[in-house]
Amino acid sequence: MGDPLSTTLSALADPTRRAILARLAQGDATVNELAEPFEISLPAVSRHLKVLEHAGLISRGREAQWRPCKLKGQNLKAVDDWLSVYRRFWEESFDKMATYIDELKHGEHDGRAKKNRR
Amino acid sequence: MDAQRKIADNELLIVRTFDAPPSVVFALWSRAAHLKRWMGPKNFTCPEATVDFRVGGTYRAMIKSTEYGENWFAGVYREIVPNKRLVFTFTWENEGPSAGVETQVTITFEERNGKTVQTFHQAPFRDVERRDSHVGGWSEAFDKEAAYAAKIAKEHAI
């Protein structure tokens, strides 16, 4: 799980963190503001923020009291690229699925299909 | 950059209409012998597939090409409504950028004039019910997620 994309995907693989990112897309916010919609403790929110920060999805201000969180978009681009690989995987699989359905409709049954297998 | 839209884009949605009734299209997902005939992109074959088709059951399969070699993936069936709906996890086992990242696939099958509209959805996120249970409090699912986040955090020595 060491490469940047895995880190980003792991960070995104949680609905609370995703909701936090969606909130930050509307503007910077403090930990308290981010915690408000969730019935979870501040330490739990802080833990989520650490994961997001490590994944490079957010940055945080340095002031001790007022540490506003800010969304950083660059790493989401890597996720886009990852998705495009999946898209190709499935689109092309479904092309083959359509071809296979055609074969099935033209009288090939499981037993006989094998001899025509390419 | 429209970040909110970008986040929504992290989910994959592919809608296809197949010229066969839902019972046929559903069977192409539920039986290993069928899966081997279509799974994988162009220039890939799927020589290995095992399927334990029940909720909680696992599947594991391998696609292969001369260029990319053997690629294994596996998952667990989460929901099965025959000829209507199928939910399973999907994880690549090989080394690579997305190895070990669990995604969830949700497919619905809808009959339309003897054809099947297949709606395929894949996301690296949990489903809505579990998301809602997270928001509601420290559910079992949330504990699991928190433990996972902690594990990730530990691995990276935050």
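Protein chains in written order, with the working numbering: chain B, 1 to 118; chain R, 1001 to 1158. The beta-carbon is built from N, C-alpha and C at its ideal position, and this holds for glycine as well. Predicted model only: the values in this text are computed from it and were never measured.
Strand pairing of residue i, partner residues [DSSP]
| i | result |
| --- | --- |
| A29 of chain B | B:C69 |
| T1106 of chain R | R:V1087, R:H1121 |
| L1013 of chain R | R:H1121 |
| A1074 of chain R | R:R1060, R:T1091 |
| R1112 of chain R | R:K1115 |
| E1079 of chain R | R:V1087 |
| I58 of chain B | B:L71 |
| G107 of chain B | None, per the DSSP bridge assignment. |
Start and end residues, alpha helix (DSSP H) containing residue i
| i | result |
| --- | --- |
| A19 of chain B | 15-24 |
| E53 of chain B | 42-54 |
| A1020 of chain R | No alpha helix (DSSP H) contains A1020 of chain R, which DSSP labels as neither H nor E. |
Local Cβ density within 10 Å of residue i, reported as buried at 16 or more and exposed below that
| i | result |
| --- | --- |
| P15 of chain B | buried |
| T8 of chain B | buried |
| S93 of chain B | buried |
| L1013 of chain R | exposed |
| R62 of chain B | exposed |
| A1057 of chain R | Note that residue 1057 of chain R is Gly in the sequence shown here, rather than Ala. Result: exposed. |
| A1149 of chain R | Note on A1149 of chain R: pLDDT 42, under 50, position unreliable in the model; the coordinate value appears next. By the 10 Å Cβ count, A1149 of chain R comes out buried. |
| H1034 of chain R | buried |
| K70 of chain B | exposed |
| K1042 of chain R | exposed |
| T99 of chain B | exposed |
| G1136 of chain R | Its pLDDT being 29, under 50, G1136 of chain R is placed unreliably by the model, and nothing is read from it. |
| G107 of chain B | exposed |
| N75 of chain B | buried |
| S10 of chain B | buried |
| F89 of chain B | buried |
| P1238 of chain R | Lying before the first or after the last residue shown, residue 1238 of chain R is absent from chain R, which here runs from 1001 to 1158. |
| G1040 of chain R | buried |
| V85 of chain B | exposed |
| R1112 of chain R | exposed |
| R67 of chain B | exposed |
| L42 of chain B | exposed |
| V1015 of chain R | exposed |
| K50 of chain B | buried |
| Q26 of chain B | exposed |
| V1081 of chain R | exposed |
| A13 of chain B | buried |
For residue i, the first and last residue of its enclosing beta strand (DSSP E)
| i | result |
| --- | --- |
| R62 of chain B | Per DSSP, R62 of chain B belongs to no beta strand (DSSP E) and is neither H nor E. |
Cβ-Cβ separation, residue j to residue i (assumed contact under 8 Å), whole Å
| i | j | result |
| --- | --- | --- |
| V1184 of chain R | T1116 of chain R | Here chain R has residues from 1001 to 1158 only, and residue 1184 of chain R is not among them. |
| E1093 of chain R | W1072 of chain R | 4 Å |
| I20 of chain B | H54 of chain B | That belief does not hold up - the Cβ atoms of I20 of chain B and H54 of chain B are roughly 14 Å apart, past 8 Å. |
| Q1118 of chain R | F1090 of chain R | In fact, because the Cβ distance is near 16 Å, the residues do not count as touching under 8 Å. |
| E1048 of chain R | A1061 of chain R | 6 Å |
| V1051 of chain R | A1020 of chain R | Actually they are not in contact, since the Cβ atoms of V1051 of chain R and A1020 of chain R sit about 20 Å apart, beyond 8 Å. |
Proximity test, Cβ basis, 9 Å: residue i and chain D
| i | result |
| --- | --- |
| A1061 of chain R | Given the protein chain composition of this structure (B and R), no chain D is represented. |
Ranges of the beta strand (DSSP E) found wholly within the region 1038-1066 of chain R, counting only runs of at least 3: 1045-1051, 1058-1065, all fully within the region 1038-1066 of chain R.
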